[in-house]
């Protein structure tokens, strides 16, 4: 065996080389060479791999490979102490672990957030709003300072007041309602089915080949956001919008939490069933209320706490009624729970931060555009830094079915957001909430029919309790609004806590 650089990658054996020369840290050399080889595309790279144990002498102290060896030696101490070799499968499993990917993604976002934060602080300390001038001044002012024009907060997300329907327009209103309901159901039911298909099933499976799963949830988030950004941009360009007043950088907070919540949502499907995820999303009213207390100092009615408790009971009944599956490890179950908790927390922060942003004069589509600008920036930056963008594009090239699913997933997400804005504008938040609550029930039923999920009797009762509580919330909120209209200004029908 003459050495690495004279051998074909397919015929070369790292472990045989290390055994032949009795390398004292054989396991570490195996891991280092395999990682270097996979990251550099499997070719022969003389400046990295020529000073390897395959020569007739150990590598010199100044070898570039030694810089790779030390971190892997430290990382492999637990495995070496247990008498286990670091195998490619072990490396792949660690690289696929959700917590590792979460921190890698977060590091990518930080590489954009930290310089941006420093620039914002620099312009504010220099009092750039008073001293700045030149062609860059309008851009910097819009991004850092904004116009600081605020409006009184409106209940429906700063939407214009809806016109009350007359008797002559009742039929037209019914048709509009059916259109909105059908659009929301079609968009989000299709989105849910495709989401479960992409994250839990393989592509390219044949009789001899088991196929491969798509693993990069961040790429799916990027696909959704780039299309939503395009749709919102075109809508803002073609329609009249309010004068924008919010500093652009404030959208980045909602954008970052929205990216992380979507990522947790996709990742959670690798560890839990889709019905479990839907119920967990239905129970997010509890952390939303907690975030409202912390972020916006909101107060809530007693019936809101009651329905939140009912939702908790229903979700607990569903989760505890599931028959224990011996094939699912405790680690897998714990990972799914942690990811669901992350989704709920990040999503709760997103909604409350957007609610605070609506104090500026903006439309929901402007909010959609501003958030997705930063979402595209964060995700594409992180994907490029990891080298995952090209790998995901290669996966799309290998599997045309995945390409169709990913594109349709993005279209459904963007269309669903537009249907949300239109429905709330035409019929209000109460009608929209009823439609989306029904959508969640249909999504669970559809997932069980298509993908064969089983639900016990107690689990079914838990689902019924959850949706009963959700409808009670809608009913109580509508009654409170009607009662508050009859009271004199300044009085409230029920004390808030």
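Residue numbers (UniProt numbering): 1 to 497.
Quick reminder that beta carbons are idealized off the backbone N, C-alpha and C, glycines included.
| Query | Result |
| --- | --- |
| Can you tell me where the alpha helix (DSSP H) with residue 238 in it begins and where it stops? | 217–238 |
| Report the residue from 464, 428 and 429 whose alpha carbon sits nearest the alpha carbon of residue 445. | 464 |
| Any idea what DSSP makes of residue 207, helix, strand or coil? | coil |
| Could you compute how far the alpha carbon of residue 206 sits from the alpha carbon of residue 249? | 48 Å |
| CB residue 187 to CB residue 387, shorter than 8 Å? | no |
| Between the alpha carbons of residue 86 and residue 97, how many angstroms are there, rounded? | Unreliable positioning characterises residue 86 in this predicted model, as indicated by a pLDDT of 36, which lies under 50. The coordinate reading is nonetheless provided below. C-alpha separation (whole angstroms): 16 Å. |
| CA-CA distance, residue 424 and residue 396? | 36 Å |
| Step through the CB atoms of chain B and report whether any lies within less than 8 Å of the CB of residue 113. | Checking the listed chains, one finds no chain B in this structure; it contains a single protein chain. |
| Let me check understanding here. Comparing Cα to Cα, which of 189, 370, 242 and 261 lies closest to residue 342? | 261 |
| Given residue 478, which residues of its chain have a CB within under 7 Å of its CB, disregarding the five upstream and five downstream residues? | 430 |
| What three-state label does DSSP hand residue 212 in the structure shown? | strand |
| For residue 220 and residue 406, what's the separation of their Cα atoms in angstroms? | 7 Å |
| What first and last residue would you give for the alpha helix (DSSP H) that runs through residue 290? | 285–291 |
| Sorted by chain position, which residues of the same chain lie with C-beta nearer than 6 Å to residue 58's C-beta, five sequence neighbours on each side aside? | Low confidence applies to residue 58: its pLDDT is 43, below 50, so where it sits in the model is not reliable, and the reading given next is rough at best. So no residue of the chain qualifies. |
| Look at residue 286 and residue 308 and say whether their C-beta atoms are less than 8 Å apart. | yes |
| Would you report the Cα separation of residue 394 and residue 410, rounded to the nearest angstrom? | 19 Å |
| In terms of residues, what are the limits of the alpha helix (DSSP H) holding residue 436? | 429–451 |
| Could you tell me if residue 336 is buried or exposed, where buried requires 16 or more neighbouring beta carbons within 10 angstroms of its beta carbon? | buried |
| So the alpha helix (DSSP H) residue 248 belongs to, where does it begin and stop? | Residue 248 -> no alpha helix (DSSP H), and no H or E assigned at all. |
| Can you list, in chain order, the residues of its chain whose CB lies under 7 Å from that of residue 204, leaving out five sequence neighbours each side? | 211, 212, 398 and 399 |
| When the Cα of residue 376 is compared with those of 121, 196 and 218, which residue comes out closest? | 218 |
| If we call anything under 8 Å between Cβ atoms a contact, is residue 317 one with residue 459? | yes |
| Assign residue 242 to one of three DSSP states: helix, strand, or coil. | coil |
| Among residues of its own chain, excluding the 5 on either side of residue 113, which ones have a beta-carbon nearer than 6 Å to its beta-carbon? | none |
| Check this for me: beta carbons of residue 279 and residue 313, under 8 Å apart or not? | no |
| Between the C-alpha atoms of residue 461 and residue 468, what's the straight-line distance to the nearest angstrom? | 10 Å |
| Please state if the CB of residue 105 and the CB of residue 303 are separated by a distance shorter than 8 Å. | no |
| So what does DSSP say about residue 136, is it helix, strand or coil? | coil |
| Secondary structure at residue 405, three-state DSSP: helix, strand or coil? | helix |
| Do residue 132 and residue 447 have their CB atoms nearer than 8 Å? | no |
| Going straight from the alpha carbon of residue 381 to that of residue 474, what length do you get? | 41 Å |
| If distances are taken between C-alpha atoms only, which option among 267, 437, 276 and 439 comes closest to residue 216? | 267 |
| With DSSP collapsed to three states, give me the class of residue 127. | coil |
| In chain order, what residues of the same chain lie with their CB nearer than 7 Å to the CB of residue 351, ignoring the 5 residues before and after it? | 288 |
| Could you spell out where the alpha helix (DSSP H) holding residue 305 opens and where it closes? | 302–321 |
| Quick one: what does DSSP say residue 299 is sitting in, helix, strand or coil? | coil |
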